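**Student:** Add 211 to the 1-based position in the sequence shown for the working numbering, that's all there is to it. Don't be surprised by glycine CBs; every beta carbon is placed ideally from N, CA and C. The structure presented is a predicted model; accordingly, all values stated were derived computationally and were not measured.
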Amino acid sequence: MSGPAKVAVLISGRGSNMQALAEAAGDAYEIVVVASDKPDAPGLAWAIQHGLPTFALSPKGIGKPVFEAALDGALREAGAEWIALAGYMRLLSDEFVAKWRGRIVNIHPSLLPKYKGLDTHARAIDAGDAAGGCSVHVVTEELDGGEVLGQREVAILPGDTPETLAERVLAAEHQLYPAVLKEFVRR
Ligand code: GRF
212 MSGPAKVAVL ISGRGSNMQA LAEAAGDAYE IVVVASDKPD APGLAWAIQH GLPTFALSPK
272 GIGKPVFEAA LDGALREAGA EWIALAGYMR LLSDEFVAKW RGRIVNIHPS LLPKYKGLDT
332 HARAIDAGDA AGGCSVHVVT EELDGGEVLG QREVAILPGD TPETLAERVL AAEHQLYPAV
392 LKEFVRR
């Protein structure tokens, strides 16, 4: 292998997982572009401040196929070999997933296969679960359904709210994601 694996990170918001990935980059992987469907995503400002190349485009008014073609072009132009979704809130089309098959990963705030989709912490608390957590998984056409590459459990404490649990799970995400990505790009 020649040099670090080239990773594109896709964000829609604050991008704290992207920051954790950037801070842990090194011999195993480097971030070649941070891309967002939200031109005002706070994470983009952080990426720019830290000298990371960025790409921002809103799909509004141009339609998904045109948006995704531009995104795909920007990632390839940046030399990306892998894609890490980090709080990217838009579903990628089956066509896009097929083009990058086996090369897209995502972090999800639950112990998959439990609680795919949204409101994961509230659902875990309401179910009386002893623990929540986070999972890094391969992205396929099925929402939050691809192979799980790694997980971290976080105990649910008496009195936890979705917000307090989310905060501790997020800290676990920041540990888990870089570690799993390093292993994954060695495959
Ligand atoms: C995280 O909870 C992650 O698990 C989910 O979206 C959130 C993104 O947070 N996919 P951030 O933008 O990385 O701070």
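If residue 224 sits next to residue 252, beta carbons under 8 Å apart, how far is it from one beta carbon to the other, in whole angstroms?
**Tutor:** That belief holds up - the Cβ atoms of residue 224 and residue 252 are roughly 6 Å apart, short of 8 Å.
**Student:** Just to confirm my understanding: we take residue 286, look at its own chain, exclude 5 residues before and 5 after, and list those with CB closer than 6 Å. What are they?
**Tutor:** Closer than 6 Å at Cβ, skipping near neighbours: 219.
**Student:** Anything with a beta carbon under 5 Å from a heavy atom of the ligand GRF counts; list them all in chain order.
**Tutor:** My final list is 224, 225, 226, 227, 228, 297, 298, 318, 320.
**Student:** Counting C-beta neighbours from all protein chains within 10 Å, is the total for residue 230 16 or more, i.e. buried, or is it exposed?
**Tutor:** The residue is buried, with at least 16 neighbouring Cβ atoms inside 10 Å.
**Student:** Taking the DSSP output, what are the residues bridged to residue 317?
**Tutor:** Answer is 296, 348, bridged to residue 317.
**Student:** Which residue marks the beginning of the beta strand (DSSP E) containing residue 265, and which one marks its end?
**Tutor:** Residue 265 -> beta strand (DSSP E) spans 265-267.
**Student:** I need the straight-line Cα distance from residue 265 to residue 326, nearest angstrom please.
**Tutor:** Cα to Cα, residue 265 sits roughly 31 Å from residue 326.
**Student:** Return the bridge partner residues of residue 455 from the DSSP annotation.
**Tutor:** With the chain covering 212 to 398 only, the question about residue 455 has no answer from this structure.
**Student:** Quick one: grab the DSSP three-state call for residue 342.
**Tutor:** Residue 342: strand per DSSP, three-state reduction.
**Student:** Within the continuous alpha helix (DSSP H) that includes residue 277, where are the two ends?
**Tutor:** Element bounds for residue 277: 275-288.
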